[in-house]
Amino acid sequence: MAEVKLFGNWGSPFSCRIEIALKLKGVEYEFIEEDVYNDNKSPLLLKYNPVHKKIPVLLHNGKPICESVVILEYIDETWEGPSILPKDPYERAMARFWTKFLEEKCFPPMKQASWSTGEEQEKAKEEATELLKILEGTLSGKKFFGGDSIGMVDIVANFIAHWFIILQEITGLELLTHEKFPKLGQWLDDYLSCSIIKETLPPKDKLTASFQARIQAATTSK
Amino acid sequence: MATTTTSDGKLLGLWASPYTTRVQLALKLKSIEYELIQENLQNKSELLLQTNPVHKKVPVFIHGDKPICESLIIIQYIDDTWTNGPSILPSDPYDRAMARFWAAYIDDKWFPLLKELGGAQGDEARASIVEKIFEGLVLLEEAFVKCSKGKALFGGDNVGYLDIALGCFLGWIKATEIMTGIKWLDETKTPGLVGWAERISSDSSIKDVLPEAQKLVELYTMSAGLEKGASN
């Protein structure tokens with residue numbers, strides 16, 4: 001029986017984060033696919049995450065840990081290998097700060113900008129642009145948010161590098177471009193060239209097809 | 001290891017803000033001296049805008065020349081930096097994960113309900129929020145039982161991360177009880193939390209830091225009155 005299990009979904013940026021972290025640490029795990037987008041959650045998932053009923057859930061020696069950022073810190077504290085968080089207390093605080101910024105401030109408007117229309121979309125686009133400017137600023141003099149190698153903030157920013165970029169291509173949005181944000185553009189290139197990232201992100205064509213199907217379903221149901 | 005002098009730590013905060021209280025609790029636990037600077041949110045200081053340009057919010061803890069923002073992040077910074085004093089986070093990684101999980105739950109799911117209650121329109125809306133608050137308290141009771149492992153506090157024998165993360169709201173919980181007449185911490189529903197709240201409120205290392213419920217009621221009533229006056 002595998003010591004480490006991960007409840008996730010192939011298309012979820014949140015469970016993808018955990019896979020990146022586990023691979024960074026060289027931890028073997030069993031991936032359990034949950035059909036979350038069709039609201040078809042398994043009894044085990046509901047047992048291990050009764051509060052939020054969401055993926056990802058990491059099961060380590062039978063004990064569940066929920067919430068992707070909590071899981072990332074747990075992985076960093078439990079297994080040896082490349083650090084996900086810096087060692088210096090101030091740098092750790094900064095990494096946690098930018099992680100929270102990405103989760104709470106960036107994710108909602110970027111999602112909104114991708115999926116909504118009309119005035120709602122315009123507002124979300126403006127907000128997302130302002131936030132991208134802030135992120136651009138934090139990359140000054142650094143290859144990755146984590147410095148020379150990827151860290152917590154880079155892992156959590158996976159939704160920008162892959163999910164958001166794909167949605168941009170589908171919808172024709174041009175919020176994050178190399179011209180507008182040269183540092184973020186370079187970060188995208190470097191990030192997507194990392195071997196662990198490349199092998200862990202869901203295939204672009206599969207994700208694109210899945211997004212297009214959702215957009216189609218949303219349009220025809222109107 | 002950091003040596004503590006008054007010039008080492010500045011805390012930009014608000015006496016009524018539970019998030020400021022959190023940081024004060026952590027600083028008190030570690031016996032760290034600091035200067036408390038009360039902010040006026042209607043007229044934010046240059047220092048606040050400089051040290052927290054992203055959110056422009058309190059609390060901000062300034063250690064030497066380094067500003068740290070977001071209350072839970074500040075507490076973890078304090079715990080990582082002042083390693084001489086009692087530990088705030090548990091030592092076991094799984095217990096740490098549980099503490100972080102529940103602190104996030106309190107901030108993201110539970111406390112916003114109390115704030116929502118203040119703005120609720122109509123009996124049905126209010127009743128629905130009240131129900132959710134009680135459901136949340138039942139979850140927090142379960143968390144208390146698991147985390148305390150039969151001891152007095154979330155942190156066991158000593159005040160820990162979750163004691164601070166939830167304890168900082170006790171003033172507002174009591175204030176809301178006074179204003180709504182609803183007893184949130186009820187022995188018949190959440191006996192563990194009731195006992196815990198009593199211990200926290202009387203703990204010598206904590207009680208002077210918690211704002212008084214009656215003062216919070218006065219503040220709330222006054223600002224609600226001001227808002228009404230402004231909108232007329």
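In order, the protein sequence lines correspond to chains A and B.
If you count the first sequence from 1, position 43 lands on 43 in full-length UniProt numbering, and the numbers rise without skipping.
If you count the second sequence from 1, position 103 lands on 103 in full-length UniProt numbering, and the numbers rise without skipping.
Heads up, the beta-carbon is just placed ideally off N, CA and C, and yes, glycines get one too.
Under the assumption that residue i contacts residue j (Cβ atoms under 8 Å), give the Cβ distance between them as a whole number of angstroms.
| i | j | result |
| --- | --- | --- |
| V27/A | V51/A | Not quite, the Cβ-Cβ distance comes to about 25 Å (not below 8 Å), so this is no contact. |
| residue 223/A | P89/A | Chain A is shown only over 1 to 222; residue 223/A falls outside these bounds and no answer can be derived. |
| K25/A | G62/A | Actually they do not touch by this definition, with Cβ atoms about 20 Å apart. |
| Y191/A | F144/A | 7 Å |
| P59/B | V23/B | 5 Å |
| F181/A | E136/A | 5 Å |
| L175/A | A113/A | 6 Å |
| S201/B | L210/B | 7 Å |
| G160/B | P90/B | 6 Å |
| L216/B | W172/B | 6 Å |
Listing by chain order, which chain A residues have their CB less than 7 Å from the CB of residue i?
| i | result |
| --- | --- |
| I68/B | A93 |
| D80/B | P89, R92 |
Please classify residue i as buried or exposed, where buried requires at least 16 neighbouring CB atoms within 10 angstroms.
| i | result |
| --- | --- |
| N84/B | exposed |
| N49/A | buried |
| C16/A | buried |
| G119/B | exposed |
| K146/B | exposed |
| T6/B | Any reading at T6/B must be qualified, since the residue scores a pLDDT of 47, below 50, and its modelled position is unreliable; the value itself is stated next. Exposed: under 16 other Cβ atoms inside 10 Å. |
| E126/A | exposed |
| S45/B | exposed |
| V138/B | exposed |
| Y37/A | exposed |
| residue 225/A | Shown here, chain A extends from 1 to 222; a query on residue 225/A therefore has no answer. |
| T99/A | buried |
| N232/B | Since pLDDT at N232/B reaches only 46, below the 50 mark, its modelled position is unreliable, and no value is offered. |
| K10/B | buried |
| M1/B | Residue confidence for M1/B is low, a pLDDT of 46 falling below 50, so the modelled location carries little weight; the figure read from the coordinates is stated next. With fewer than 16 other Cβ atoms within 10 Å, it is exposed. |
| residue 236/B | The first residue shown for chain B is 1 and the last is 232, placing residue 236/B beyond what the model contains. |
| N40/A | exposed |
| L140/B | buried |
| K174/B | buried |
| E198/B | exposed |
| G8/A | buried |
| H162/A | buried |
| G151/A | buried |
| A127/B | exposed |
| P43/A | exposed |
| T176/B | buried |
| P203/A | exposed |
| A125/B | exposed |
| E34/A | buried |
| P18/B | buried |
| L113/B | buried |
| H178/A | exposed |
What in chain B is Cβ-close to residue i, meaning under 9 Å?
| i | result |
| --- | --- |
| R96/A | E70, L72, I73, Q76, Y77 |
Pull the bridge partners of residue i from the DSSP assignment, please.
| i | result |
| --- | --- |
| G122/B | None; G122/B has no bridge partner. |
| V209/B | BP columns for V209/B are empty, so no partner. |
| V60/B | L12/B, C69/B |
| E35/B | K10/B |
| G156/B | L153/B |
| F144/A | G147/A |
Using the beta-carbon of each residue, which ones in chain B are nearer than 8 Å to residue i?
| i | result |
| --- | --- |
| F101/A | V54 |
| T78/A | P93 |
| I134/A | V54 |
Closer than 8 Å by beta-carbon distance: list the chain A residues that pair up with residue i, in chain order.
| i | result |
| --- | --- |
| F134/B | What F134/B touches in chain A: nothing, since even the nearest Cβ is about 15 Å away. |
| Y220/B | The contacting residues do not exist; Y220/B stays about 25 Å from chain A at best. |
| R96/B | E73, Y74, E77 |
| L139/B | V51 |
Could you work out which residues of chain A lie near residue i, taking near to mean beta carbons separated by less than 9 Å?
| i | result |
| --- | --- |
| Y105/B | V51, H52, E67 |
| F101/B | V51, I65, C66, E67, V70 |
Is the CB of residue i under 9 Å away from at least one CB in chain D?
| i | result |
| --- | --- |
| H60/A | No chain D is present in this structure, whose protein chains are A and B. |
Secondary structure, alpha helix (DSSP H): runs of 4+ residues fully inside the UniProt domain "GST N-terminal" (2-83) of chain A = 13-24, 43-48, 68-78
request  = Note down, one range per segment and in chain order, each alpha helix (DSSP H) of at least 4 residues found wholly within the stretch 186-215 of chain A.
outcome  = 195-200
key: Within the stretch 90-162 of chain A, ranges of the alpha helix (DSSP H) (whole runs, at least 4 residues)   = Runs of the alpha helix (DSSP H) spanning 4 or more residues and lying entirely within the stretch 90-162 of chain A occur at 107-115, 118-138, 152-156, in chain order.
Ordered list of alpha helix (DSSP H) runs contained in the stretch 85-124 of chain B, each at least 4 residues = Look at the stretch 85-124 of chain B and you find these whole runs of alpha helix (DSSP H), each 4 residues long or longer: 93-105, 111-119.
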